[in-house]
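One structure is given below, encoded as structure tokens.
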Amino acid sequence: LVSLNFNAIAKGYLVDLVAEYLDTRGVTNYMVEIGGELRVRGKNAESLPWKVGVNMPIVGAGPTDFFKVLELEDVAMATSGNYQNYYTVGGRLVGHTLDPRTGQPVISNLKSATILHDYCAVADAYATACMVVGLDKATKWIEGNKSLSAYFIYEEEGELKGVFVE
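Each residue of the sequence shown is one higher than the last, beginning at 14 in the working numbering.
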């Protein structure tokens, strides 16, 4: 029995559908957000780039506990991390992202992967994939694909750090 689950990109795909509908209606300034995945066009009500927060990748962080605020125009953004959806097994936190190569939960110093692309479904897929492969390989992927950029939050010596990669 084989089962496929496309939840990893469902929200991003829905964002794209709504954004494309707005585009066909001639809307030039909007933000579409579904479950944290989003796509922006143009500028906000103050004629400035949209400001979007990237959450602190820690258990218990509130919706406005931002690690970084990004200014965005004409782009989609998706973030993946293991700090909101997790399980406790034997007193240890285990993230919901599984490595398809091993079937095991991902354990890495990469705590959050925020991906920017023209399409939210693509950003959504890359965000999840980056969490699976970790900081080093994810950085190489982004640097090797000019249609992508990323903001990675990682842990080094017990401290959270962020890096923007193009």
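Every residue gets a Cβ at the ideal spot worked out from N, C-alpha and C, and that includes glycine.
All figures in this text were calculated on a predicted structure; none of them were measured in a lab.
- Where residue 126 is concerned, the enclosing beta strand (DSSP E) starts and stops at 123 to 130.
- Where residue 47 is concerned, the enclosing beta strand (DSSP E) starts and stops at 43 to 47.
- For residue 69, there is no enclosing alpha helix (DSSP H), as DSSP marks it with neither H nor E.
- As a beta-bridge residue in DSSP terms, residue 90 pairs with 51 and 129.
- A direct Cα-to-Cα measurement between residue 130 and residue 39 gives close to 21 Å.
- Judged by DSSP secondary structure, residue 167 falls outside any alpha helix (DSSP H) and instead within the beta strand (DSSP E) spanning 162 to 169.
- Rounded to whole angstroms, the gap between the alpha carbons of residue 154 and residue 26 is 21 Å.
- Note that the C-beta distance between residue 124 and residue 70 is below 7 Å.
- Rounded to whole angstroms, the separation of the alpha carbons of residue 67 and residue 59 is 21 Å.
- Sixteen is the threshold: when 16 or more other Cβ atoms of the shown chains lie within 10 Å of the Cβ of residue 95, as they do, the residue is buried.
- Between residue 127 and the set 178, 110, 78 and 33, the nearest pair of CA atoms involves 178.
- Assignment of beta-bridge partners to residue 63 by DSSP yields 85.
- Straight through space, the alpha carbons of residue 30 and residue 36 are spaced by roughly 10 Å.
- A contact is defined here as three or more CB-CB pairs under 8 Å, and the segment 37 to 56 fails this definition with respect to the segment 108 to 121.
- Assignment of residue 175 by DSSP, reduced to helix, strand and coil, places it in the strand class.
- Its chain contains 45 and 52 as the residues whose beta carbon lies nearer than 6 Å to that of residue 32, once the 5 sequence neighbours on both sides are disregarded; these appear in chain order.
- The shortest C-alpha to C-alpha distance from residue 171 to any of 161, 14 and 121 is the one to 121.
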